[in-house]
Amino acid sequence: MKTILAVVGDGAAEAVLEAAVLAARRFDSKITGLNALASEYAVVFGGEMGFSISSEVDRTLEREGAERREQARNLFNSVMRRRGIALGAGAGGGVSAEWREEAGRQNAIVGTLGRVYDLIVVEQPNKAASFAEATLEDALFESGRPVLMAPKAVPAALGERILVAWNGSTETARTVAFAMPFLKRAVRVEVVSVEGAFVPGPAADELVRNLKAHGIESAARHIAVGNKPPGEIFLDEARAMQADLLVKGAYTQSRLRQMIFGGATRHVILNAGIPVLLAH
């Protein structure tokens with residue numbers, strides 16, 4: 003994972019940048035901080051998806067957008083300097099960073115530009131149907147790349163203790179493949195499956211055997227659902243093992259079904275307190 007795209011929506015994205023730094027230090031990566039500014043104001047600044055804005059407020063929105071972009075740039079530069087990371091496209095070997103600005107809606111830009119990066123780091127949505135969730139979902143469904151969702155609080159570590167939320171699905175298999183660089187460097191890996199949250203596919207202990215072939219020691223556990231939803235169980239198990247990374251396939255059920263009925267992915271996205279590596 004040599005190239006990392008960190009989405010810096012505004013000056014409040016410190017957790018995203020700190021997660022990107024932790025990942026970059028594991029792999030000697032280059033971090034690209036991205037800020038996307040809508041050239042047509044179809045999105046209301048402040049975070050939520052909205053509608054087209056009348057021309058009377060264009061200049062106000064333009065000024066507010068420029069201020070937010072400056073805040074984002076200043077935050078990026080501040081975090082990189084504080085962490086001792088060289089700035090500039092030609093920064094040389096080791097961990098380095100560069101700043102990039104694009105015009106267009108953030109979610110659309112991330113979904114397309116992210117295709118050429120090894121990892122995309124985004125913020126955790128505060129709530130469903132938000133602009134942050136739209137960015138996360140476009141990263142998942144349009145980029146074809148793994149997505150690291152940074153929790154609201156700045157993470158202290160990343161990838162030392164990993165829980166794999168295994169449900170036997172194609173989506174989770176793909177996510178585990180993307181997560182192999184992290185898994186190979188972890189000091190502890192647990193593979194957890196939950197009764198009732200499984201599709202036809204290999205059991206957790208079969209994944210453990212495969213990981214062992216790659217030199218990754220891990221343990222498998224299967225848990226009865228009880229009276230808790232599967233997403234909550236995965237988060238409880240991650241807390242119990244003091245995991246600093248959760249690996250999970252995203253949306254084995256459709257997004258629409260999860261919006262209406264709920265689902266493990268949606269629960270994890272909205273409630274995780276640790277970084278989550280996702281792919282679809």
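Following our numbering, the numbering of the sequence shown begins with 3 at its first residue and continues without gaps. Glycine included, every Cβ here is placed at the ideal spot set by N, Cα and C. None of the values given here were measured: they were computed from a predicted structure.
Using only alpha-carbon positions, find the residue among the options that is nearest to residue i.
i    : options                   : result
I33  : L185, V23 and G265        : V23
V112 : R147, K129, G86 and S98   : R147
K4   : L77, E72, L121 and R102   : L121
V156 : A26, P277 and W168        : P277
N273 : P231, A281, T254 and H282 : P231
A25  : G13, L237, A181 and V201  : A181
F184 : I218, N128, L89 and A226  : I218
N79  : S132, A226 and A15        : A15
F29  : G90, G95 and R71          : G95
R71  : F236, V118 and Q108       : Q108
T114 : F143, L89, N128 and S132  : F143
I'd like the list of long-range same chain contacts for residue i, defined as Cβ closer than 7 Å, with 5 residues on each side in sequence excluded.
i    : result
K154 : A17 and Q126
A21  : V123, L150, A152, P157, L160 and P277
G203 : G170 and S171
R85  : V23
Sorted by chain position, which residues of the same chain lie with C-beta nearer than 6 Å to residue i's C-beta, five sequence neighbours on each side aside?
i    : result
L213 : S220
G275 : P153
G116 : L7, I122, A141, S145 and R147
A226 : E197
G48  : Note that G48 has pLDDT 41, beneath the 50 cutoff, so the model's placement of it is unreliable and no number is given.
Do residue j and residue i come within 8 Å of each other at the CB atom, strictly closer than that value?
i    : j    : result
A105 : D140 : no
V249 : V189 : no
V149 : L19  : no
Assuming residue i and residue j make a contact with CB atoms under 8 Å, what is their CB distance in whole Å?
i    : j    : result
S31  : V97  : 6 Å
T254 : V201 : 6 Å
A74  : I87  : Not really, about 17 Å apart at Cβ, beyond 8 Å.
L36  : R102 : 5 Å
N76  : G11  : At roughly 14 Å, the Cβ-Cβ gap does not stay under 8 Å, so N76 and G11 are not in contact.
A222 : A206 : 4 Å
S171 : G265 : Not quite, the Cβ-Cβ distance comes to about 12 Å (not below 8 Å), so this is no contact.
K186 : H224 : 24 Å between Cβ atoms; not a contact.
Leaving aside the five residues before and after residue i along the sequence, list all residues of the same chain whose C-beta is less than 8 Å from its C-beta, in chain order.
i    : result
E234 : H269 and N273
R27  : V97
V124 : V9, V18, V112, A134, T137, L138, A141, V149, L150, M151 and A152
E173 : G251, A252, Y253, T254, A281 and H282
R176 : G251, A281 and H282
L237 : L248, H269, V270, N273, A274 and G275
Compute the minimum distance between the beta carbon of residue i and the heavy atoms of the ligand SAH, and state whether it is under 7 Å.
i    : result
V194 : As far as ligands go, the structure on display features none, and thus does not contain the ligand SAH.
* Are at least three pairs of beta-carbons, each pair with one atom in the stretch 159 to 172 and one in the stretch 231 to 251, less than 8 Å apart? -> Two segments are said to touch when three or more pairs of C-beta atoms, one from each, lie closer than 8 Å; by this definition the stretch 159 to 172 touches the stretch 231 to 251.
* To do: Please confirm if the stretch 193 to 205 is in contact with the stretch 166 to 181, defined as three or more CB-CB distances below 8 Å between the two stretches.
  => Counting C-beta pairs closer than 8 Å gives three or more between the stretch 193 to 205 and the stretch 166 to 181, which meets the contact rule.
* Asked: Do the stretch 197 to 207 and the stretch 62 to 72 meet, that is, are 3 or more Cβ pairs less than 8 Å apart?
  -> These segments do not touch.
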